[in-house]
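J.:
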Amino acid sequence: MEEYNFKEIEKKWQARWEKEEAFKAVDFHPTKPKFYVLYEFPNISGNIHMGHLKGTIPADALARYKRFKGYNVLFPIGGDAFGLPAENAAIKTGIDPHDFVANGSKNIWGQFKKLGLSFDWDRTFCTSDEDYYKWTQWIFVQLFNHGKAYKKTGYVNFCPNCKTTLSNEDSQGGKCDRCGSTVIQKERSVWFLKMKEYSEKMLENVDRVKMAEHLKEAQRNWIGRSEGMQVTFNLLDESGNVLDKVEIFTTCVETIYGVTFLSLAPENKIVDKLKNYIQNFDEVEEYREKTALRSEFDRMSDTKTKTGCLVKGLQAVNPLTSAKVPLYLADFVLAGYGTGAVMAVPTHDQRDFEFAKAFNMPIIQVIEGDISEHAVEKYEYLAKDSRLMNSAEFSGMKISEGKPKIAEKLIKMGVGEKKINYKMTDWSFNRQRYWGEPIPIVNCPHCGAVALDEKDLPLTLPKTNDYLPNENGDSPLSKVSDWVNCKCPKCGRDAKRETDTMPNWAGSSWYWLRYTDPHNKNALADFDKLKYWGSVDCYTGGTEHITRHVLYSFFWQNFLYEIGAVPTRDPFVKKMGSGLILDDQGKKMSKSSTNGVSPLEVIDKYGTDVARMHVHFLGGYEDNTPWTFDGISGIVSFINKVWALQDIVKDGDVSKEHIIPLNKLIKKVGEDLEELRLNTAIASFMIFIKKVRDDGFITKEELRQFLILLNPIAPHITSEIFERVFDSQILDQKWPDYDEKYLTEAVVQIAVQVNSKIVARVDVETNLSNDEIASKVQENESVKNALLGKNIVKTIVVPGRIVNFIVK
RNA sequence: GCUGGUGUGGCGGAAUGGCAGACGCACAGGACUUAAAAUCCUGAGUUCGCAAGGACGUGUGGGUUCGACUCCCACCACCAGCACCA
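Laid out in structure tokens, this is it:
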């Protein structure tokens, strides 16, 4: 047998798969059940990197496996193309982003083909294709027409480097998601999508979709649900007349007897409303101006120093105690969360504790615990279920008992109601960028904001060669005046188009739906096709998108479901987060990392099957694994052994020597593929091949089954051997079944223990009963000796594994 | 700080509460070879011992159990998410 020429053979099969369109998904297949596997489509930029290899090949293995199992598999690919790389290239080199994407997608898909990925190439598209973004715009119009998109002026995240507004999701950790610059706050008029309304539904998505716990937790954290109470405090003037009221939000209503002041966000409107009663309004204004200058990130990163400003002339009344307490403005109180006002309980909230110390405020302890150094905080006293004190009739009660009673009293008095707050805010949706979907809105001086009709979509992006915002920070589109000036679709008078574009996350928030019907001209996808393909059964991709893209996806799918555009609420049944390939510094391996290894290099040197298997073998799909060439020789040697099976193949059905190893292999590999635990699947292939090589033969039937099992992991070599030996296509084969009765050997070695200490290992027939096993092992000399003169008080038998005699 | 996760040889990593370290790499010895590479065989957790064999071993300390990497409690370290969210 000649050596395995991976270069030639892998190329041959890749060409054949492409020519024969081997992996086309069939809409409405008459007999096969559907299975939808999705890999997070790549950003159209340069070349593929290790992250793509790590992310795609397990999905490919799953897709190939499910086809053998008789499923009609949809495994599509596309391009996330409205994004930074194309725009940056345009700014830097003047290349038209349309061309950049056309070339870039061709390049990256070509490289995917070299990975031997079994995509349905008939369903590809980029988010920047006109007949795709037509429907992204259509979704925006639906959001607008259903009151889920609105424009509002206020302080929003702004990246001074990218010169664009950003959403919270794009500013995680106070850094711009695209360039890493520190995000500042800027006042602008911004389009928002009412994502916050969907908080509960999105939390339900999080619960339902199968995902690793840490991913669910990250999402729950981001949505930030918190149950509490909204309580009304009356505001009085100096002489005690009720002027107004202020609502506060608290999750710790049990501490209400310990309130010694209220803290308001500097932006709180009540201050303006009661301006005339405030004696130090100059001071108040000065404080507000000072805090306005600090960016929100600044305010949040400096948590040590507490600043504030007493509002003189006003006081608040604790509804339960009637105690009059002062009012402060404090910049740690965020205007955008809850009511922008909190009750301060210095003994049970560390921030209030520090504030009270800084401003010499009185403190009242209402829950037992040591308050000499720190406040006794919620997580602490709740865990202990401590007792209340200084709380009138509730004193002495445990929190678990007192808290609901205090809440009930406030509700009865009409000054409190239960309330749920979320950290997640509405999605700030427009960007001052060229390369994005134009927002299909016309601003008419008479009709206001008017959405385009469906017949006028797509609103295409005009060509330009000026990709920078103007000096006011308006989108580059604002400079294309013959595009901007238009007629109002409603009244026909002169109007101007919205010139901002959508964020790069817009197109990715629904793309899995389009794959079900990518060429549809009349709808985002045919409803029956959406129904047929349903939710994505397994969605693989990076974990870095878990609190961005995946949450946006939940949001949009919920909305589309509610307006009847799609038949399912959950976009995905299961979401798997691909681990990272790390470089030798333990950092994410990327193109920019100094010692980044390109998958193309590896393929060139070792072949695709080896590269794929090596990455699988490095570790679990969801684990981060450092890249190393160490160990790749083991895979090379395995592949060579697979090739050499052709030398020892002989005619015949499954032999009695191999029937058990083969059945075990079928079971193990199938289970591992279901869970994408491919490292252990590979280990079991190695064990099997060792066995047949030791025996010096493999029968044709055994080889047939072996090649099918291995094909999802090493598709090229298995296709080639199959064709050579069986003169037919492996893709037409069915996944072999295993038989329970061939999973255990007739005789197994079990360990015999006396008082849990191993004294012997004994071969035992597997068909014996527990009692028979116990007496059989006692025939063994070492066991006999160990039991000599002892009294067996208990015998534990675990068939196939262990016998333990407890003696006295 | 809060939340979630992880902790196993020299390394990557296996183990439904039942023989810890599968499989692979690296390593050592051997075969083949003039030699090397490749290939094949053998060995190997640590430690004491020439050996037979013994002791100790899954981050640390306790517990439950006939039996714990696995379950429970406390602690430590690392990774990730959130972080003045009331």
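Sequential numbering from 38 applies to the first sequence in the working numbering.
For each residue, glycine too, the CB sits at the ideal point set by N, CA and C.
May I have the straight-line CA-CA distance separating Asp166 from Ala562, to the nearest angstrom?
T.: Position 129 of the first sequence, counted from the start, is the residue given in the question as residue 166. Position 525 of the first sequence, counted from the start, is the residue given in the question as residue 562. Cα-Cα distance, rounded: 15 angstroms.
J.: Measure the C-alpha to C-alpha separation of Phe763 and Leu99 and round it to an integer number of angstroms.
T.: In the first sequence, the residue the question calls residue 763 occupies position 726. In the first sequence, the residue the question calls residue 99 occupies position 62. Computed Cα separation, rounded: 24 angstroms.
J.: Going by CA-CA distance only, name the one from Gly210, Tyr365, Glu535 that's closest to Asp519.
T.: For the purposes of this step, residue 519 is taken as the residue at position 482 of the first sequence. Of Gly210, Tyr365, Glu535, the residue nearest in Cα terms is Glu535.
J.: For Ile408, which residues from the same chain have a beta carbon less than 7 angstroms from its beta carbon, with the 5 sequence-adjacent residues on both sides left out?
T.: As a first step, residue 408 must be located in the first sequence, where it is residue number 371. Thr384, Gln402, listed in sequence order.
J.: How would you label Ala718, buried or exposed, when you count the other beta carbons within 10 angstroms and need 16 or more for buried?
T.: Translated into the one-based positions of the first sequence, residue 718 becomes position 681. It counts as buried.
J.: Is the region 769-781 in contact with the region 697-713, if contact means three or more CB pairs nearer than 8 angstroms?
T.: These segments touch.
J.: Roughly how many angstroms lie between the CA atoms of Ser515 and Ala123, to the nearest whole one?
T.: Taking the first residue of the first sequence as position 1, residue 515 is located at position 478. Taking the first residue of the first sequence as position 1, residue 123 is located at position 86. If you take the alpha carbons of Ser515 and Ala123, they lie about 20 angstroms apart.
J.: For a minimum of 4 consecutive residues, which ranges assigned as the alpha helix (DSSP H) are wholly contained in the region 115-146?
T.: Counting whole runs of 4 or more residues, the region 115-146 contains the alpha helix (DSSP H) stretches 121-130.
J.: For Asp531, which residues does DSSP report across the bridge?
T.: Translated into positions along the first sequence, residue 531 becomes position 494. In DSSP, Asp531 forms a bridge with Lys524.
J.: Under 8 angstroms: do the region 106-118 and the region 667-676 share three or more Cβ pairs, one atom per stretch?
T.: No, they do not touch.
J.: Taking three-plus beta-carbon pairs below 8 angstroms as touching, is the region 139-146 in contact with the region 95-113?
T.: Too few Cβ pairs lie closer than 8 angstroms, so no.
J.: Tell me whether Trp772 sits in a helix, a strand or coil according to DSSP, three-state version.
T.: Position 735 of the first sequence, counted from the first residue, corresponds to residue 772. Note: Trp772 maps to coil in three-state DSSP.
J.: Assign Gln815 to one of three DSSP states: helix, strand, or coil.
T.: Within the first sequence, residue 815 is the residue found at index 778, counting from 1. Correct three-state label for Gln815: coil.
J.: From the DSSP output, read off the bridge partner residues of Gln786.
T.: Along the first sequence, one-based indexing puts residue 786 at 749. In DSSP, Gln786 forms a bridge with Asp800.
J.: Where does Glu320 fall in DSSP's three states?
T.: Working through the first sequence from its first residue, we reach residue 320 at position 283. In the structure shown, Glu320 sits in a helix (DSSP, three-state: H, G or I).
J.: With a threshold of 6 angstroms on Cβ separation, who are the neighbours of Val138 within its own chain once the five nearest residues in sequence on each side are excluded?
T.: Residue mapping note: residue 138 aligns to position 101 of the first sequence, counting from 1. Result list for Val138: Ile81, Ala118, Ala123, Cys163, Ser165, in chain order.
J.: If you reduce the DSSP assignment to three classes, tell me which class Phe369 lands in.
T.: One-based indexing of the first sequence puts residue 369 at position 332. Of the three classes helix, strand and coil, the one that applies to Phe369 here is coil, per DSSP.
J.: Hey, quick one: how far does the alpha helix (DSSP H) through Arg257 stretch, first residue to last?
T.: Indexing the first sequence from 1 puts residue 257 at position 220. Start and end: 250-260.
J.: At what residues does the alpha helix (DSSP H) containing Tyr548 begin and finish?
T.: Within the first sequence, the letter at position 511 stands for residue 548. It spans 548-551 - the alpha helix (DSSP H) in which Tyr548 sits, taken as one unbroken run.
J.: Rounded to the nearest angstrom, how far is the Cβ of Asn716 from that of Gly656, given a contact under 8 angstroms?
T.: Here residue 716 refers to the residue found at position 679 of the first sequence. Here residue 656 refers to the residue found at position 619 of the first sequence. Indeed, because the Cβ distance is near 6 angstroms, the residues count as touching under 8 angstroms.
J.: From this set, Ser572, Asp607, Met613, which residue's C-alpha is nearest Thr580's C-alpha?
T.: Here residue 580 corresponds to residue number 543 of the first sequence, with the count starting at 1. Answer by Cα proximity: Met613.
J.: Can you name, in chain order, every residue of its own chain whose Cβ lies under 8 angstroms from the Cβ of Leu710, other than the five neighbours on each side?
T.: As a position in the first sequence, residue 710 is number 673, starting the count at 1. Hits under 8 angstroms: Ala98, Leu99, Tyr102, Ala718, Pro749.
J.: In chain order, which beta strand (DSSP E) runs of at least 3 residues are fully inside the region 177-225?
T.: Runs found: 186-196, 201-203.
J.: Where does the unbroken alpha helix (DSSP H) through Asn716 begin, and where does it stop?
T.: Mapped onto the first sequence, residue 716 falls at position 679. From DSSP, the alpha helix (DSSP H) with Asn716 extends over 715-732.
J.: Roughly how far, in whole angstroms, is the beta-carbon of Glu291 from the beta-carbon of Lys440, given that I think they are within contact range, below 8 angstroms?
T.: By one-based count along the first sequence, residue 291 stands at place 254. By one-based count along the first sequence, residue 440 stands at place 403. That pair is a contact at about 4 angstroms.
J.: Please say whether Ala797 and Val830 have beta carbons closer to each other than 9 angstroms?
T.: Walking along the first sequence from the start, residue 830 turns up at place 793. Walking along the first sequence from the start, residue 797 turns up at place 760. Their beta carbons are not under 9 angstroms apart, which means Val830 does not touch Ala797 by this criterion.
J.: Using the beta-carbon count (16 or more within 10 Å), is Thr328 buried or exposed?
T.: Numbered from its first residue, the first sequence carries residue 328 at position 291. Buried, since its Cβ has 16 or more Cβ neighbours within 10 Å.
J.: Nearest CA to the CA of Lys343: which residue from Gly217, Phe78, Ser465, Ala367?
T.: Working through the first sequence from its first residue, we reach residue 343 at position 306. With distances taken between Cα atoms, Lys343 lies closest to Ala367.
J.: How long is the line joining the alpha carbons of Val801 and Ser692, rounded to whole angstroms?
T.: For the purposes of this step, residue 801 is taken as residue 764 along the first sequence, with counting starting at 1. For the purposes of this step, residue 692 is taken as residue 655 along the first sequence, with counting starting at 1. One C-alpha to the other measures close to 23 angstroms.
J.: Give me the Cβ distance between Leu597 and Tyr658, rounded to the nearest whole Å; I'm assuming they're in contact under 8 angstroms.
T.: The residue given as residue 597 occupies position 560 in the first sequence. The residue given as residue 658 occupies position 621 in the first sequence. Going by Cβ atoms, the distance from Leu597 to Tyr658 rounds to 29 angstroms, so no, they are not a contact pair.
J.: Given a cut-off of 9 angstroms, decide if Trp175 and Glu491 are closer than it, judged by their beta-carbon atoms.
T.: Taking the first residue of the first sequence as position 1, residue 491 is located at position 454. Taking the first residue of the first sequence as position 1, residue 175 is located at position 138. Contact flag set, yes.
J.: Does Lys61 come out as helix, strand or coil in the three-state DSSP assignment?
T.: By one-based count along the first sequence, residue 61 stands at place 24. Note: Lys61 maps to coil in three-state DSSP.
J.: How big is the Cα-Cα spacing for Ala486 and Lys527?
T.: Counting from one through the first sequence, the residue named residue 486 turns up at place 449. Counting from one through the first sequence, the residue named residue 527 turns up at place 490. Computed Cα separation, rounded: 10 angstroms.
J.: Quick one: which unbroken alpha helix (DSSP H) runs of 4-plus residues sit fully inside the region 71-123? Chain order, please.
T.: 87-105, all fully within the region 71-123.
J.: Check whether the region 464-480 and the region 419-432 are in contact - that is, three or more C-beta pairs closer than 8 angstroms.
T.: They do not touch, by the three-pair rule.
J.: Quick one: what does DSSP say Asp281 is sitting in, helix, strand or coil?
T.: Reading the first sequence from its first residue, position 244 is the one you call residue 281. Of the three classes helix, strand and coil, the one that applies to Asp281 here is strand, per DSSP.
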